[in-house]
Structure formats: C-alpha cells, structure tokens
Amino acid sequence: MRDSTPPTETQAPERQTGRRQSGRAVSRRQALASIASVGVAGLAGCNVQSLTGGVQPRWERDFTEASTAGPPAATADHVVVGGQDKRLHAFTPDGEAAFTFETGGPIETQPAVPASGGPVHAHSTDGDLYTVGLEGGERWHVAGQARNGWLGRRGSLLVSIDPVDETVVGYDAYDGTRRFQRSGPQYPVPTLSAAACLLPVPNPDGETKLVALAPESGELLWESSARDSYPHVVAADNRIVTVRDSTVRMRRAADGHVVWRTAIAGEVTSYHGPPLWLGEHTYVRAGRPDRADELVALSHDDGSVQWRQNVGYELETVTATPQRVFVASSVNDPDGGILIRLDAFTRDGTRQWQTTTDIAIGGTVDTLARVGAVLVVASGTELAAYDPASGTRQWQYDPESYRIGVTAATDRLYVSYRSEGGIARLPTN
Numbered sequence: 002m003r004d005s006t007p008p009t010e011t012q013a014p015e016r017q018t019g020r021r022q023s024g025r026a027v028s029r030r031q032a033l034a035s036i037a038s039v040g041v042a043g044l045a046g047c048n049v050q051s052l053t054g055g056v057q058p059r060w061e062r063d064f065t066e067a068s069t070a071g072p073p074a075a076t077a078d079h080v081v082v083g084g085q086d087k088r089l090h091a092f093t094p095d096g097e098a099a100f101t102f103e104t105g106g107p108i109e110t111q112p113a114v115p116a117s118g119g120p121v122h123a124h125s126t127d128g129d130l131y132t133v134g135l136e137g138g139e140r141w142h143v144a145g146q147a148r149n150g151w152l153g154r155r156g157s158l159l160v161s162i163d164p165v166d167e168t169v170v171g172y173d174a175y176d177g178t179r180r181f182q183r184s185g186p187q188y189p190v191p192t193l194s195a196a197a198c199l200l201p202v203p204n205p206d207g208e209t210k211l212v213a214l215a216p217e218s219g220e221l222l223w224e225s226s227a228r229d230s231y232p233h234v235v236a237a238d239n240r241i242v243t244v245r246d247s248t249v250r251m252r253r254a255a256d257g258h259v260v261w262r263t264a265i266a267g268e269v270t271s272y273h274g275p276p277l278w279l280g281e282h283t284y285v286r287a288g289r290p291d292r293a294d295e296l297v298a299l300s301h302d303d304g305s306v307q308w309r310q311n312v313g314y315e316l317e318t319v320t321a322t323p324q325r326v327f328v329a330s331s332v333n334d335p336d337g338g339i340l341i342r343l344d345a346f347t348r349d350g351t352r353q354w355q356t357t358t359d360i361a362i363g364g365t366v367d368t369l370a371r372v373g374a375v376l377v378v379a380s381g382t383e384l385a386a387y388d389p390a391s392g393t394r395q396w397q398y399d400p401e402s403y404r405i406g407v408t409a410a411t412d413r414l415y416v417s418y419r420s421e422g423g424i425a426r427l428p429t430n
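In case it helps, this note's numbering puts the sequence shown at residues 2 to 430.
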C-alpha cells in the first residue's frame, strides 16, 4: 500500500512499492528492445539489471477516498491532480501535502497551472471552474455546464472551453475578470503563447480561419483568411508557425504578416496535435505513402530546409533541446503490434543514435520529454527513461494502474495512477 500521509523526518526513503514491478518474464520483444536500447555503445559492460531493471518511485501517495485520478499538472513548486473524491490534491516536490480542495464533483481533466506560483485551476464534473490559491483557499469560480472542459494557462491568461455552449473564454487568472469570449469548437484547442492566443474559428460554410487575440486584453490582433482546411499552428515567443496543405508559414505575432512560406515535399499532417515543433529550427513531419516519415528542419530566418532525416513509418512527436532533437515514431513489433522507436539528432541533423523501445503504442505517444538527466517516453500504461547521449535505457516503470497520466516540471517527473487514485514522483537522475 502506498502512503496516504506526508513523510516525516524520521521516515526512511520511500521505496515501499511492493505492489509494483512484479518481475514479469522477459519476452522476445523485451529482449530485442533491451539489446536495441544499448545503441552505438555496444553490449560491453552491460548486465541483466541494466537491461531489464525497473525503478522505484521517490514517493507515492494514495487518495484514500478516490478510486480514480485525473492527469497531473506541475509547476516549479507543486504538483496538482484531481480525484474521483471531488478533491484537488496538491503536493510539494518532496511529497508533502500542500492542500486539498473540495469541489462539487469528481475532477477528471488536467488542471491548468502557471510555470511557478499560483493560483491553480480545475474543472469539476459539477460543471464549475474553480481557482485555488496555494494556501488551499478558493480565489474565484465560475458556474457552468462543462463537465470536462479544457483549460489552458499562460502567464496571467486562463482559457476555458465550454463544449456545451461551444464557447472559448479568456479570464484573468488571478481575479477571474473576463478578457474575451468567442464562439469556438471543442477541438482543436487554442494555442497559447506570450504574444498571442490563437483560436481556430469555423464558419457556416465549413471553412476555418485563425484568429489571434492579445493575451492581456483579448483585443483582436489579426485573423487569417478562411480556408476549407484546418490550419495547424504552434507558437513560441513572437514566432507563430502554421501549416495548411503542406505549406509552412512563419507569421509575425503582432499582425500575422507572413515572414516566409515553404512548401514541403510530402504530406504534412497529423491525427494527434500539430505536425510542427519549435526549437533551434522549425521541425516538420513529412509523410509519404510509400516510405517512412521524415523530420524536416527549417530555418527560423527564411524557411530554407536545413536538413531532413527519415524516422519510423509514422512520426508521432518531437521534443527539442538546444543540443539535440529527439523523435518518437512507430515501428512494427516482431511479436505483433506497434512499438515506439526513438531517434536523436544533433542540431545539424546528424543522427546520434537510434533505438527501438519495449513500449507498445497505446493509441499515441503520450509523453516525450527531456526531464533532468533522462529522456522520458510514455504511452498507455508504460513509461521508460533513456540516456539522452547514448539512447541506453536507464529504467522502465510498469505500474499496476491500467491508465497513467504523466507531467514534468524542471527536473521533476510525476505520474498519476488514473485507474487507482494516487500519484508518485519518479527519479530523473
């Protein structure tokens, strides 16, 4: 049983996780993945534990009155998660309970949080939006009907989607003042950056335009022409990148002016979020019906192709650091099904390593993130950590919960047990 109380100074390090890591037999799939995970370093000096070993959480917490939990959200100082017990639970990085706040119904969706500090926000299945200070007191709340409405937070802007009324509402995160309200679909969700809040807005003819609003005031900055296809969009700082019909455009955040446009050879599309990522370059997924997907790197300055590299047959997601670009894609499992393949590239496109993981894709790759000293990948109920420099697997975590939620902040990694009602912090060193 996991602890349901915070640790004290007299407690030993919290490694009592006997229900987990059940010592499953190593299958052919696992053996192949373990060998592949060694990457270019070879097998010299490896042992069985390094290839098949699990990991113990730094701490775990049960929600004694909740049989399920939602996805967690983390700030620099806290992790918050909702439960079937109608409560929003908050913990410090050391596992100490920061507060518990009761709402009018179970909390099934991910809370919205700032990068650091508070307040934090959650939708309850009672339909209401709750905002809670870090001391555990209610700051403000809005009555509604959105049982599982999406929430997003960037700076002082909180954005909520009401799927019942089909509206998108922007609030001042601190006092609840409404900054804007617009008609909008439940999906795709808005894209938030420091410079703009970007909303896809359909019209009665089935066309969609991109609307950019000022985060601080809700003022209309600009809108694109309406087209019959949906514009994928990503944003960071003053960069806004869109793609429509396999043409990538870099826009100025202030007025939407197209700085450059580049037509990509291949189909630029995705069923799980935009096929675009921002880092040292603009990264694009290019698909071909007769070959593996490619990752294409474009210059931020002029849109020129810097490099392109093939990955697995379907590129799932990308995460970029100043030193490396990591890619998760799909490959066939020799035992049947689909596994996650990982590739690492340097900034100039040199492939540094490639490995096939032991993680089956449970619909999509839920997490690919550099956290602390490890590269974390998760899908379905499985999560593993890899050495970013070599691709060697450091550990794999297989909780008994048949659904998990994963989040990270700075060097801290958290997982919620969605089918059991609990949360844990995993090591990242």
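Even glycine gets a Cβ: it sits at the ideal position worked out from N, Cα and C.
query: Go through the stretch 155–181 residue by residue and report every complete run of the alpha helix (DSSP H) that reaches 4 residues or more, in order.; result: none
query: CB Ala425 to CB Val407, shorter than 8 Å?; result: no
query: Pull up the CB-CB distance for Arg1 and Ser230, whole angstroms please, since I reckon it's below 8 Å.; result: As shown, the chain starts at 2 and ends at 430. That puts residue 1 outside it, with no answer to give.
query: If you reduce the DSSP assignment to three classes, tell me which class Tyr188 lands in.; result: coil
query: Among Ile360, Asp344, Asp359, Ala361, which residue has its Cα nearest to the Cα of Glu353?; result: It should be noted that the sequence gives Gln, not Glu, for residue 353. Ranking the options by Cα distance to Gln353, first place goes to Asp344.
query: If I measure Cβ to Cβ from Asp127 and keep anything under 7 Å in the same chain, skipping five residues before and after, which residues do I get?; result: Thr104, Gly105, Gly106
query: For Arg228, is the classification buried or exposed, using 16 other Cβ atoms within 10 angstroms of its Cβ as the cut-off for buried?; result: exposed
query: Out of Ala195, Ser194, Ser218, Gln187, which one is the CA nearest neighbour of Pro203?; result: Gln187
query: Here's a check: name, in chain order, each residue in its chain whose Cβ is nearer than 8 Å to the Cβ of Tyr175, leaving out the five neighbours to either side.; result: Pro120, Arg140, Ser157
query: Less than 6 Å between C-beta atoms, sequence neighbours within five positions excluded: which residues of the same chain meet that for Arg348?; result: Glu281
query: What is the DSSP secondary structure of Pro201, reduced to helix, strand or coil?; result: strand
query: Would you give the residue range spanned by the beta strand (DSSP E) that Phe346 belongs to?; result: 339–347
query: How far does the beta strand (DSSP E) with Gly423 in it reach, from first residue to last?; result: 423–427
query: For the candidate residues Asp359, Thr368, Glu421, Val372, whose alpha-carbon lies nearest to that of Gly55?; result: Asp359
query: Helix, strand or coil: which one does DSSP assign to Phe64?; result: coil
query: Cα-Cα, which of Arg342, Ser402, Thr356 is closest to Gly381?; result: Ser402
query: Below 8 Å, how does it come out for the stretch 323–335 and the stretch 301–315: are there three or more Cβ pairs, yes or no?; result: yes
query: Gly304 and Thr356: beta carbons closer than 8 Å?; result: no
query: Starting from Tyr415, follow the beta strand (DSSP E) in both directions and report where the run begins and ends.; result: 413–418
query: Would you kindly work out how many angstroms separate the C-alpha atoms of Ala236 and Thr270, rounded to a whole number?; result: 17 Å
query: Sorted by chain position, which residues of the same chain lie with C-beta nearer than 6 Å to Asp256's C-beta, five sequence neighbours on each side aside?; result: Trp223
query: On a Cα-Cα basis, can you pick out the residue from Pro191, Thr283, Ile339, Phe181 that is closest to Ala321?; result: Thr283
query: Select from Pro205, Ala99, Ala113, Ser125 the residue whose C-alpha is nearest the C-alpha of Glu136.; result: Ala99
query: On the three-state DSSP scale, how would you describe Lys87?; result: coil
query: In terms of alpha-carbon separation, which member of Pro276, Val285, Ala195 lies closest to Leu214?; result: Ala195
query: Are the C-beta atoms of Gly134 and some chain C residue less than 8 Å apart?; result: Structure shown: chain C not included; a single protein chain is present.
query: Give me the Cα-Cα distance between Ala410 and Gln111, rounded to the nearest whole angstrom.; result: 15 Å
query: Please state whether the Cβ-Cβ distance between Ile241 and Ala197 is less than 8 Å.; result: yes
query: Taking the DSSP output, what are the residues bridged to His122?; result: Ala113, Thr132
query: According to DSSP, Asn333 sits in a beta bridge with which residue or residues?; result: Ile339
query: Kindly give me the distance between the Cβ atoms of Val366 and Thr318, rounded to whole angstroms, as I take these residues to be in contact under 8 Å.; result: 5 Å
query: Run through DSSP, which three-state label would Ala254 get?; result: coil
query: Jot down the residue ranges of each uninterrupted alpha helix (DSSP H) in the stretch 233–283, minimum 4 residues, whole runs only, in chain order.; result: none
query: In angstroms with no decimal places, state the Cα-to-Cα distance between Pro335 and Val375.; result: 27 Å
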